[in-house]
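Below: one structure, written as structure tokens.
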Amino acid sequence: MAQSNKKFLEDVFSALRETDAQGLNSNKGQDILGGLSGLKTVGALQRLAGLFKSYDDACYLEVGVFQGLSLLSVALDQPNVSCFGIDDFSILDPEQKNLALVKERMEKLNVENAILINEGFEEAFDHLDDYLQGRKIGVYFYDGAHDYRSQIMGLAFVQAYLHENCVLIVDDANYEFVRQSSVDFLKSFPSYKLAFEAYSPAHPANMDKATLQKHEAGWLNGINILVSDPDNLLPVMLPAVNPDKSLYVNDWLVHRHPLAHQAAEALDRLCDDSLSDGLGKSSGIENKSDAGGKTGTLFYNRNTFSEGLPESRFNAFKN
Ligand SMILES: C[S@@+](CC[C@H](N)C(=O)[O-])C[C@H]1O[C@@H](n2cnc3c(N)ncnc32)[C@H](O)[C@@H]1O
């Protein structure tokens, strides 16, 4: 029988509070696993998946496996929970080695409760029940493509497969367009609430060493954690976003342009070469350009506009 919404929310908040204070739930496999998620992010996934360990009809599912850190850390920590990971290995894999690496790690760590779905998430969601076989997703981690459309569709397409009590974890919420997708989803689907958010001042590629170490042990590039709240027990809380929506409106102008596919490259070329030394550089450039009214340091790439956002903030749920 399903838990009441109130008891479920209490369990979710206590799992998140424990994670924010302690990080990982267990470090099984951490000597082998490496990846792109903060240790508190992984700890939250482990504890939240643990809330479903006695439910045969529930599972954990993530989009964005990369080299297996999040998927296999959850599977090892919660051996009674079926864990599914979707990835088409389309980015961050120049030598095309990640699929084989994840399989190798699963074997080395004797992981028997994880299934890798080697497909784009949009295609996988067209026939997901071939894999889930009637199970419903209790914990959903979206860490795939981070463009606005993928973020929002990643939250929309999963709806048909969710457990009645569920948690949706959105990674890389430092990025303003990721926060915007959370806001748009939360406003469109008021039966979900933001339970927790955490941010760091910049993308990890633009952090100094000490700041990077601190946030690698935390929520790395920011997190939004959404929870189902059909009984409306939680107050509305929304991530901060820029009221100026002109960049989203400009999408229209880019999409219809004959050189649309070169838009990112063209912008790179427009950057003053004397100030930039290639993609992923970590030193800041001065904000002299029109950045939609945003102030502060601008980086050559991966601007998140997350400076000054809370390091961690819980919904004011009274339990
Ligand atoms: C940041 S990594 C995930 C990190 C991982 N969760 C970890 O703990 O290390 C993002 C992954 O999303 C995958 N990805 C990007 N676009 C995708 C899509 N449309 N469908 C499925 N996977 C996608 C990439 O191949 C990449 O491996």
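Mapped onto our numbering, the consecutive letters of the sequence shown carry residue numbers -10 to 308. Yeah, the Cβ is synthetic: ideal placement off N, Cα and C, and Gly gets one too.
Pair within 8 Å by beta-carbon distance, residue i and residue j
i, j, result
"N210", "H192", "yes"
"A229", "L298", "yes"
"L58", "G24", "yes"
"A305", "P224", "yes"
"L65", "V100", "yes"
"F110", "I75", "yes"
"C260", "Y289", "yes"
"F174", "L144", "yes"
"A47", "H152", "yes"
"L(-2)", "N213", "no"
"R302", "E186", "yes"
"A184", "L215", "yes"
Residue i, DSSP secondary structure in three states
i, result
"F130", "strand"
"E93", "helix"
"R124", "coil"
"V216", "strand"
"S272", "Below a pLDDT of 50, predicted positions are generally treated as unreliable, and S272, at 43, falls in that range; the measurement from the model is reported next regardless. In this structure, S272 counts as coil in the three-state DSSP scheme."
"F303", "strand"
"A38", "helix"
"L5", "helix"
"F114", "coil"
"L248", "coil"
"N(-6)", "helix"
"L81", "coil"
"S278", "Here S278 scores only 42 on pLDDT, less than 50, and its place in the model is too uncertain to base an answer on."
"L287", "strand"
"L326", "Examination of residue 326 is not possible in this model, given that the chain is present from -10 through 308 alone."
"K29", "helix"
Anticipated Cβ contact below 8 Å, residue i with residue j, distance rounded
i, j, result
"K182", "D218", "5 Å"
"N14", "G32", "5 Å"
"L98", "I21", "6 Å"
"A103", "L60", "6 Å"
"D132", "V52", "6 Å"
"Y120", "V147", "At roughly 13 Å, the Cβ-Cβ gap does not stay under 8 Å, so Y120 and V147 are not in contact."
"K29", "G207", "5 Å"
"A194", "R291", "5 Å"
"Y137", "S170", "6 Å"
"E296", "N231", "Their Cβ separation, rounded to whole angstroms, is 13 Å, which puts E296 and N231 out of contact at 8 Å."
Limits of the beta strand (DSSP E) - the one that residue i falls within
i, result
"D160", "L151 to D160"
"Y49", "A47 to V52"
"S71", "S71 to I75"
"A187", "Y181 to A187"
"A103", "A103 to I106"
Range of the contiguous alpha helix (DSSP H) that encloses residue i
i, result
"S139", "Y137 to A145"
"L58", "L58 to D66"
"R168", "E165 to S177"
"K234", "Careful: K234 lies outside any alpha helix (DSSP H) and carries neither H nor E."
"E205", "K198 to E205"
Count Cβ pairs between the segment 88 to 99 and the segment 120 to 135 that sit closer than 8 Å; are there 3 or more? no
Does the segment 68 to 86 touch the segment 156 to 165, meaning 3 or more C-beta pairs lie closer than 8 Å? no
I want to know whether the segment 31 to 40 touches the segment 58 to 75 - three or more CB-CB distances under 8 Å. yes
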